[in-house]
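Line order of the protein sequences matches chains A and B.
Going by the numbering used here, the letters in the first sequence line up with residues 1 to 225, in that order.
Going by the numbering used here, the letters in the second sequence line up with residues 226 to 450, in that order.
Number of protein chains: 2
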Amino acid sequence: MDTPFIPTVVEMTDEEYAVEVATYEPLAQSVRRLANASLLTTLTENEIAPIRAEIDALARRLEASQRTAAFGVTVTPSGRVRGHGNAVVGMRNPIAVPVKIVQDKERQRADASFHLGPLYEGPPQSVHGGVVALILDQLCGEAAAAGGVPGMTGTLTIRYEQRTPLGDCSASAWVDHVEGVKTFVKGEMRQADGEVTATCEGIFIIPRWVREMIAQGQPKPSRFE
Amino acid sequence: MDTPFIPTVVEMTDEEYAVEVATYEPLAQSVRRLANASLLTTLTENEIAPIRAEIDALARRLEASQRTAAFGVTVTPSGRVRGHGNAVVGMRNPIAVPVKIVQDKERQRADASFHLGPLYEGPPQSVHGGVVALILDQLCGEAAAAGGVPGMTGTLTIRYEQRTPLGDCSASAWVDHVEGVKTFVKGEMRQADGEVTATCEGIFIIPRWVREMIAQGQPKPSRFE
């Protein structure tokens with residue numbers, strides 16, 4: 001990746017942040033439920049048409065006032081990260097699970113438990129192999145950040161041991177070792193009973209511009225995207 | 226993967242298939258638009274609440290009659306594949322782009338052009354690295370199938386060269402070579418101007434049960450999941 005970013009700080013109090021979450025998180029949850037229902041419904045053509053018209057009308061109401069660019073990533077002065085549009089963890093993103101990742105700085109790792117329903121299907125009744133990769137990519141990046149060495153994904157290798165049944169899943173990633181500017185992260189996806197279904201290794205690279213900041217005596221940013 | 230499947234054949238005429246597409250594809254498109262609008266809207270708490278109540282009411286109407294399991298993969302007698310719930314290509318799946326993949330059997334490759342909007346964001350204004358992996362996984366699998374050697378994903382390695390800006394993108398995958406039961410597939414993701422942003426290599430393995438079918442003189446299945 002050649003264009004990393006340090007998130008912009010936005011003026012937002014913790015109270016304003018709480019209102020933001022209380023407003024938009026339930027909206028995304030409702031759209032997720034609608035997406036699932038629209039995938040699984042067996043209503044017929046004549047029954048679907050009026051429902052679709054109402055969905056379009058609701059979209060128009062939401063579109064009456066909207067940001068013109070993608071959500072991006074910002075932080076509040078107290079350090080709350082507003083990556084609300086993220087495709088894996090974004091609380092405002094209806095296509096995100098969302099996966100709630102717990103970073104453990106001491107153990108340089110990241111863990112998550114989550115439910116993958118029919119929207120995440122690949123092989124019948126199984127999690128799409130690419131969805132396994134999608135979640136492990138996010139988790140490995142957060143493990144590298146938890147280890148104090150955030151970086152841009154250089155390479156990511158997924159090894160599929162067996163299919164991952166749709167349903168409750170969990171995943172973990174941890175810093176294996178650091179070689180110069182490269183952080184080697186390992187991770188795994190598990191099915192409901194805890195059995196590992198896929199493993200991965202990611203190499204995260206500290207970009208040159210961060211190395212130059214450090215060489216010039218500036219503090220290393222704790223987070224960039 | 227230890228549990229591959231040959232898709233079940235369902236009794237469905239081409240006319241019935243056409244009605245299915247005409248009914249549910251626009252529904253998924255409307256839900257995609259709503260998802261995008263809900264991510265980007267700047268309406269306030271009091272304006273959002275009644276919209277959310279209407280979304281919930283629509284979900285309940287769709288849920289009044291629905292399948293109880295994930296969509297799965299079936300084929301019609303004329304060979305149309307009904308993987309409508311697939312997280313990447315499923316026309317009924319609102320979280321799918323959906324990516325429309327063109328398989329070229331003669332050249333043993335698969336190609337696709339698609340638009341990735343704000344719902345697929347990772348780093349600011351950029352495609353999530355895991356979404357790059359998600360799409361390349363599907364594309365590599367279809368390239369292996371186009372090459373006549375469908376298999377289960379064994380490993381997938383993604384190398385990120387630079388960030389992929391949100392917007393128009395394209396991707397390709399092709400069979401590089403075959404070694405016994407392993408098919409080696411290579412692929413790449415490109416940004417709007419055609420510049421490569423990520424490359425990948427996947428190894429697809431013909432499962433033992435397919436090898437046994439072939440050894441017993443049975444025809445090799447043209448597709449399995």
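Don't be surprised by glycine CBs; every beta carbon is placed ideally from N, CA and C.
For B/Arg388 and B/Leu344, what's the separation of their Cα atoms in angstroms? B/Arg388 and B/Leu344: Cα-Cα distance of roughly 16 angstroms.
For the structure I just gave you, are there three or more beta carbon pairs, one from the region 308–320 of chain B and one from the region 34–47 of chain A, closer than 8 angstroms? Cβ pair count under 8 angstroms is three or more, so yes.
Taking the alpha-carbon positions, what's the B/Gly427 to B/Thr408 distance? 8 angstroms
Residue range of the unbroken beta strand (DSSP E) whose run includes B/Thr382: Met377 to Tyr385
Going by alpha carbons, who is nearest to B/Val306 out of A/Asp104, A/Pro124 and A/Arg109? A/Pro124
By how many angstroms is the C-alpha of B/Thr378 removed from the C-alpha of B/Val234? 23 angstroms
For the alpha helix (DSSP H) that contains B/Asp281, what are its first and last residues? Glu270 to Glu288
Between which two residues does the alpha helix (DSSP H) harbouring A/Gly141 extend? Element bounds for A/Gly141: Gly129 to Ala146.
Check each candidate in A/Glu45, A/Glu25 and A/Asp56 and name the one with the smallest Cα separation from B/Leu259. A/Asp56
Would you say the region 63–74 of chain A touches the region 309–316 of chain B, given that touching needs at least three Cβ pairs under 8 angstroms? Put simply, the region 63–74 of chain A does not touch the region 309–316 of chain B. Fewer than three CB pairs are less than 8 angstroms apart.
In the DSSP assignment, the alpha helix (DSSP H) including B/Glu241 goes from what residue to what residue? Asp239 to Leu265
Rounded C-alpha distance that separates B/Ala278 from A/Thr23: 13 angstroms
Going by C-alpha distance, which of B/Ser395, B/Gly366, B/Ala370 and B/Met237 is nearest B/Ala337? B/Ser395
Count Cβ pairs between the region 407–422 of chain B and the region 184–203 of chain A that sit closer than 8 angstroms; are there 3 or more? Contact between the region 407–422 of chain B and the region 184–203 of chain A is absent: fewer than three C-beta pairs spanning the two stretches fall below 8 angstroms.
Judging by CA-CA distance, which residue of B/Gly442, B/Pro323, B/Glu404 and B/Gln441 is the nearest neighbour of B/Ile430? B/Glu404
Per-residue DSSP class, three states only, for A/Leu119: helix
Could you pull out every residue in the same chain whose Cβ sits closer than 6 angstroms to the Cβ of B/Asp393, ignoring the five residues on either side in sequence? Once the five neighbours on either side are set aside, the close Cβ partners of B/Asp393 are His340 and Ala417.
Starting from B/Ser395 and walking both ways along the beta strand (DSSP E), at which residues does that stretch end? Gly392 to Glu404
Given B/Asp329 as reference, the closest of B/Ala284, B/Pro323, B/Gly347 and B/Leu364 once Cα atoms are compared: B/Leu364
Roughly how many whole angstroms lie between the Cα atoms of B/Gly355 and A/Gly130? 8 angstroms
With A/Gln103 as the anchor, note down where its beta strand (DSSP E) starts and where it stops. Val102 to Asp104
Alpha-carbon to alpha-carbon, A/Gly217 and B/Pro375: 54 angstroms
Using a C-beta to C-beta distance shorter than 7 angstroms, which residues of chain A count as neighbours of B/Ile280? Ser30, Val31, Leu34 and Leu58
Give me the Cα-Cα distance between B/Gln333 and B/Gly347, rounded to the nearest whole angstrom. 31 angstroms
If you draw a straight line from the alpha carbon of B/Thr424 to that of B/Asp401, how long is it in whole angstroms? Between B/Thr424 and B/Asp401, the C-alpha separation is close to 13 angstroms.
Going by the CB atoms, is the gap between B/Pro232 and B/Thr299 shorter than 8 angstroms? yes
Between A/Gly229 and B/His353, what straight-line distance do the alpha-carbon atoms span, to the nearest angstrom? Chain A is shown only over 1 to 225; residue 229 of chain A falls outside these bounds and no answer can be derived.
From what residue to what residue does the beta strand (DSSP E) around A/Ala198 run? Val196 to Ile205
Let me check understanding here. Comparing Cα to Cα, which of B/Leu268, B/Val256, B/Leu283 and B/Ile276 lies closest to B/Thr323? In the sequence on display, residue 323 of chain B carries Pro and not Thr. Taking only the C-alpha atoms, the option nearest B/Pro323 is B/Val256.
Short Cβ contact (8 angstroms threshold) for B/Thr238 with A/Ile158: no
Residue environment, B/Ala398, which counts as buried when at least 16 other CB atoms sit within 10 Å: buried
Which same chain residues end up closer than 6 angstroms to B/Asp227 when comparing Cβ atoms and leaving out the 5 residues on each side of it in sequence? For B/Asp227, the pLDDT reaches just 38, beneath the cut-off of 50, and the residue's location in the model is therefore unreliable, leaving the point undetermined.
Could you please tell me which residues of the region 108–126 of chain A, in chain order, have their CB closer than 7 angstroms to any CB of chain B? Pro118, Leu119, Tyr120, Glu121, Gly122, Pro123, Pro124 and Gln125
Quick one: is A/Arg92 near chain B, going by C-beta distance under 8 angstroms? Residue contact with chain B for A/Arg92: present (Cβ-Cβ distance below 8 angstroms to some residue of chain B).
Note down the Cα distance separating B/Asp362 from A/Arg211, rounded to an integer number of angstroms. Their backbone Cα atoms lie some 33 angstroms apart in a straight line.
Which residue from B/Leu252, B/Ser303 and B/Ile326 puts its Cα closest to that of B/Glu241? The residue with the shortest Cα to Cα distance from B/Glu241 is B/Ser303.
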